[in-house]
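Contents: one structure, followed by commentary.
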Amino acid sequence: MCSLALFPPPLPGGQTTLCEANNELLSGASAEEHLTQESSALSLYFPRESLKLHSRTESSSKAAFLDHSETLWMRSAAAWRDGGFPGLLNEITNSHAEVPKWLSVTCGCILALLQKVSSFHGSLFPHVTVNSENMIAEFSQVLNWSDCVVRAFAWHPHTDKFAVALMDDSIKIYNPKSATTPTLKHRLQRNVAAVQWKPLCASALAVACQNCVLVWHVDPCSLSTRPSSGCAQVLSHPGHSPVTSIAWSPSGSLLLSASPMDTTMMVWDVASESCVPLQRVGGGGVSFLSWSPDGSHVLASTPSALFRVWETRMWTCERWPCLKGRCQSGCWSPDGSRLLFSVQGEMVIYALTFSETPGPPTGTSKGPQAAAVVADLSETTFSTPDGDIVVGGEIQSLAWDPTGERLAVLLKGDPLAADQPAIIAVFKTRSRPIFELLPCGFVQGEAGAEPRLMQFHPNFQHGALLTVCWSSGKITHVPFYFLSAGGPQC
Numbered sequence: 001m002c003s004l005a006l007f008p009p010p011l012p013g014g015q016t017t018l019c020e021a022n023n024e025l026l027s028g029a030s031a032e033e034h035l036t037q038e039s040s041a042l043s044l045y046f047p048r049e050s051l052k053l054h055s056r057t058e059s060s061s062k063a064a065f066l067d068h069s070e071t072l073w074m075r076s077a078a079a080w081r082d083g084g085f086p087g088l089l090n091e092i093t094n095s096h097a098e099v100p101k102w103l104s105v106t107c108g109c110i111l112a113l114l115q116k117v118s119s120f121h122g123s124l125f126p127h128v129t130v131n132s133e134n135m136i137a138e139f140s141q142v143l144n145w146s147d148c149v150v151r152a153f154a155w156h157p158h159t160d161k162f163a164v165a166l167m168d169d170s171i172k173i174y175n176p177k178s179a180t181t182p183t184l185k186h187r188l189q190r191n192v193a194a195v196q197w198k199p200l201c202a203s204a205l206a207v208a209c210q211n212c213v214l215v216w217h218v219d220p221c222s223l224s225t226r227p228s229s230g231c232a233q234v235l236s237h238p239g240h241s242p243v244t245s246i247a248w249s250p251s252g253s254l255l256l257s258a259s260p261m262d263t264t265m266m267v268w269d270v271a272s273e274s275c276v277p278l279q280r281v282g283g284g285g286v287s288f289l290s291w292s293p294d295g296s297h298v299l300a301s302t303p304s305a306l307f308r309v310w311e312t313r314m315w316t317c318e319r320w321p322c323l324k325g326r327c328q329s330g331c332w333s334p335d336g337s338r339l340l341f342s343v344q345g346e347m348v349i350y351a352l353t354f355s356e357t358p359g360p361p362t363g364t365s366k367g368p369q370a371a372a373v374v375a376d377l378s379e380t381t382f383s384t385p386d387g388d389i390v391v392g393g394e395i396q397s398l399a400w401d402p403t404g405e406r407l408a409v410l411l412k413g414d415p416l417a418a419d420q421p422a423i424i425a426v427f428k429t430r431s432r433p434i435f436e437l438l439p440c441g442f443v444q445g446e447a448g449a450e451p452r453l454m455q456f457h458p459n460f461q462h463g464a465l466l467t468v469c470w471s472s473g474k475i476t477h478v479p480f481y482f483l484s485a486g487g488p489q490c
């Protein structure tokens with residue numbers, strides 16, 4: 001089993017990771033100077049100061065413009081819209097002079113009962129007691145999401161363009177072959193947790209927002225830099241918020257969405273704007289989704305020490321309990337036969353192997369009996385010219401490249417310890433004759449910059465290309481040049 005002790009030491013200060021060549025990670029003073037024309041990827045920088053952040057909440061802005069002599073009916077309608085049934089009960093309870101006493105008392109009693117039930121539910125699932133923004137930060141695949149300039153990133157599955165969601169709730173679309181950079185804004189586009197392009201489609205981008213899922217349709221041939229909000233479909237369902245994860249089926253026919261506040265996973269038919277809820281008891285919600293590349297399985301994490309793996313023929317699922325905490329992140333092998341995942345509070349990577357039952361399709365699969373530990377990421381101390389540095393610990397996210405030969409692991413580090421920064425560890429992966437992880441090296445950025453988000457390019461022709469979004473607001477690309485064991489790259 002591979003461990004961090006087998007890795008080469010991290011880079012000294014002033015050096016950044018440039019690329020992998022001849023089975024070795026190369027470093028230098030500037031990552032941009034090494035990007036070849038083969039990668040053609042844009043390196044970007046978003047200074048925090050350039051973003052116009054929201055200075056006040058929606059409720060505080062609303063108070064400045066509303067007429068405070070509203071009728072009870074108008075206030076009740078607003079309370080229902082903003083706070084649901086509990087908000088309506090609270091409004092009626094506090095309107096003593098405008099409603100019969102029996103109605104005010106009855107609403108007060110019902111509200112008190114609901115609060116006790118909510119308190120008990122919160123003791124079972126503590127995450128339901130926090131506000132939406134903190135909940136998104138807790139379950140996001142982005143490290144330190146609340147303070148991150150780049151909050152979501154997605155490569156298009158078939159071209160070199162990508163989408164970047166920023167702290168100011170705008171989304172920018174970059175294409176190295178186009179001089180136009182569309183900026184997407186919508187009144188419902190708040191606290192973006194994830195973005196994902198629709199497969200086999202040039203223009204559709206799904207966005208996980210605080211209260212809904214938006215599906216933008218951006219014409220790649222359009223010269224408009226500000227597509228109107230009419231270009232976005234709004235997919236919402238009562239109680240299904242905040243949305244923290246989305247996943248398209250490989251065919252693009254279905255879209256999944258998940259919320260830690262909702263035990264139901266929504267399966268959307270975007271064309272008809274209709275959904276089918278998939279619900280199972282237990283877990284307290286659904287926090288993270290990952291659809292296997294072959295379309296056969298879906299990983300669905302929950303906020304509790306339990307995750308499910310759904311098979312997509314009959315939509316049945318297997319429950320997998322965790323020992324210490326929730327399933328934090330997961331990724332699939334290119335053929336969909338193997339799932340790697342990490343657990344909150346643990347410093348290892350687990351693997352589950354799936355194999356279809358021989359014979360005609362029956363909707364059943366021969367599931368794994370147990371998860372195997374394939375890598376140990378316990379804290380390891382390295383000596384560098386700048387002093388000792390500690391690498392390892394809990395895992396924030398996992399990313400497996402489309403060739404199945406490089407695995408990137410974002411380690412959280414310790415924000416309170418200067419000698420234990422967040423860092424990306426990259427493994428080489430082999431599937432034959434047995435599955436194993438081998439050390440490759442660490443990916444590091446400029447001094448003081450820590451990785452926050454990472455994703456592999458889906459179609460890099462010379463090995464693998466890892467895109468990294470840094471705490472400084474920069475987006476850089478690290479190429480890994482190798483010949484795939486599956487055959488020469490076309």
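In case it helps, full-length UniProt numbering puts the sequence shown at residues 1 to 490. Backbone N, C-alpha and C fix where the C-beta goes; we use that ideal spot for every residue, glycine too. Predicted model only: the values in this text are computed from it and were never measured.
- request: Report the residue from 207, 450, 8 whose alpha carbon sits nearest the alpha carbon of residue 383.
  value: To locate residue 383, count along the sequence shown from 1; it is residue 383. Nearest Cα to residue 383 within the set 207, 450, 8: 8.
query: Just curious, the beta strand (DSSP E) that residue 397 is in, first and last residue?
result: In the sequence shown, the residue the question calls residue 397 occupies position 397. 395–400 is the span of the beta strand (DSSP E), which, as asked, contains residue 397.
- request: Count the C-beta pairs between the segment 461–475 and the segment 413–421 that are closer than 8 Å, then say yes if the count reaches three, no if not.
  value: No, because fewer than three Cβ pairs between the segment 461–475 and the segment 413–421 fall closer than 8 Å, the two stretches do not touch.
field: the segment 153–172 contacting the segment 193–210, beta-carbon criterion three pairs below 8 Å
entry: Proximity of the segment 153–172 to the segment 193–210 meets the contact definition, three or more beta-carbon pairs being nearer than 8 Å.
query: With a CB to CB cut of under 6 Å and the five nearest residues on each side skipped, what residues in its chain are close to residue 345?
result: On the sequence shown, position 345 is the one that residue 345 refers to. Counting only Cβ-Cβ distances below 6 Å, and skipping sequence neighbours, we find 324, 325.
query: With 16 other CB atoms within 10 Å as the buried threshold, where does residue 171 fall?
result: As a working note, residue 171 is residue 171 in the sequence shown. Classification of residue 171: buried, given that the 10 Å Cβ count is 16 or more.
- prompt: Would you call the segment 378–398 and the segment 329–348 in contact, with 3 or more CB pairs under 8 Å?
  reply: Touching, yes, given that three or more Cβ pairs across the two stretches are closer than 8 Å.
message: Spatial neighbours of residue 1 within its chain, please: C-beta separation below 7 Å, excluding the five flanking residues on both sides.
response: In the sequence shown, the residue the question calls residue 1 occupies position 1. So the list reads 373, 374, 375, 376, once near-sequence residues are dropped.
message: Let me confirm a value: residue 481 is counted as buried when at least 16 other C-beta atoms fall within 10 Å, else exposed. Which label applies?
response: Counted from its first residue, the sequence shown places residue 481 at position 481. When all chains shown are included, residue 481 counts as buried.
- prompt: Alpha carbon to alpha carbon, how far is residue 246 from residue 207?
  reply: Here residue 246 refers to the residue found at position 246 when the sequence shown is read from its first residue. Here residue 207 refers to the residue found at position 207 when the sequence shown is read from its first residue. Their backbone Cα atoms lie some 8 Å apart in a straight line.
- prompt: Per DSSP, what kind of secondary structure is residue 133 in: helix, strand or coil?
  reply: For the purposes of this step, residue 133 is taken as residue 133 along the sequence shown, with counting starting at 1. Collapsing the DSSP output to three states places residue 133 in a helix.
- prompt: Quick one, which of 338, 473, 463 has its alpha-carbon nearest residue 432's?
  reply: For the purposes of this step, residue 432 is taken as residue 432 along the sequence shown, with counting starting at 1. The shortest Cα separation from residue 432 among 338, 473, 463 belongs to 338.
field: residue 341 in three-state terms, based on DSSP
entry: Residue numbering aside, residue 341 sits at position 341 when the sequence shown is read from its first letter. In this structure, residue 341 counts as strand in the three-state DSSP scheme.
- prompt: Any idea if residue 256 is buried or exposed, counting beta-carbon neighbours within 10 angstroms, 16 or more meaning buried?
  reply: If you number the sequence shown from 1, residue 256 lands on position 256. Counting every other CB atom within 10 Å of its CB across the protein chains shown gives residue 256 a total of 16 or more, marking it as buried.
query: Between residue 473 and residue 79, what straight-line distance do the alpha-carbon atoms span, to the nearest angstrom?
result: Translated into the one-based positions of the sequence shown, residue 473 becomes position 473. Translated into the one-based positions of the sequence shown, residue 79 becomes position 79. Going from the Cα of residue 473 to the Cα of residue 79 covers about 38 Å.
- request: Can you tell me which of the three DSSP states residue 75 falls into?
  value: Here residue 75 is taken as the residue at index 75 of the sequence shown, counted from 1. Residue 75: helix per DSSP, three-state reduction.
task: Could you tell me the distance, in whole angstroms, from the CA atom of residue 136 to the CA atom of residue 427?
output: Along the sequence shown, read from residue 1 onward, the residue named residue 136 stands at position 136. Along the sequence shown, read from residue 1 onward, the residue named residue 427 stands at position 427. Roughly 29 Å separates the two Cα atoms.
message: Let's test the definition: count the other Cβ atoms within 10 Å of the Cβ of residue 46 and tell me whether it reaches 16, buried, or not, exposed.
response: Reading the sequence shown from its first residue, position 46 is the one you call residue 46. By the neighbour-count rule (16 or more Cβ atoms within 10 Å), residue 46 is buried.
task: Flag this pair as yes or no: are the beta carbons of residue 164 and residue 142 separated by less than 8 Å?
output: By one-based count along the sequence shown, residue 164 stands at place 164. By one-based count along the sequence shown, residue 142 stands at place 142. Residue 142 is positioned such that its CB atom lies no closer than 8 Å to that of residue 164.
- prompt: From this set, 335, 454, 475, 443, which residue's C-alpha is nearest residue 19's C-alpha?
  reply: Here residue 19 refers to the residue found at position 19 when the sequence shown is read from its first residue. Residue 19 has its Cα closest to that of 443, out of 335, 454, 475, 443.
Nearest residue (CA-CA) to residue 439, options 450, 449, 424, 452: For this step, residue 439 is matched to residue 439 along the sequence shown. Each of 450, 449, 424, 452 was checked against the Cα of residue 439, and the nearest Cα belongs to 424.
query: With 16 other CB atoms within 10 Å as the buried threshold, where does residue 355 fall?
result: Residue numbering aside, residue 355 sits at position 355 when the sequence shown is read from its first letter. Exposed, because fewer than 16 other Cβ atoms sit within 10 Å of the Cβ of residue 355.
query: Which one of 303, 310, 311 has the shortest CA to CA distance from residue 322?
result: Translated into the one-based positions of the sequence shown, residue 322 becomes position 322. It is 303.
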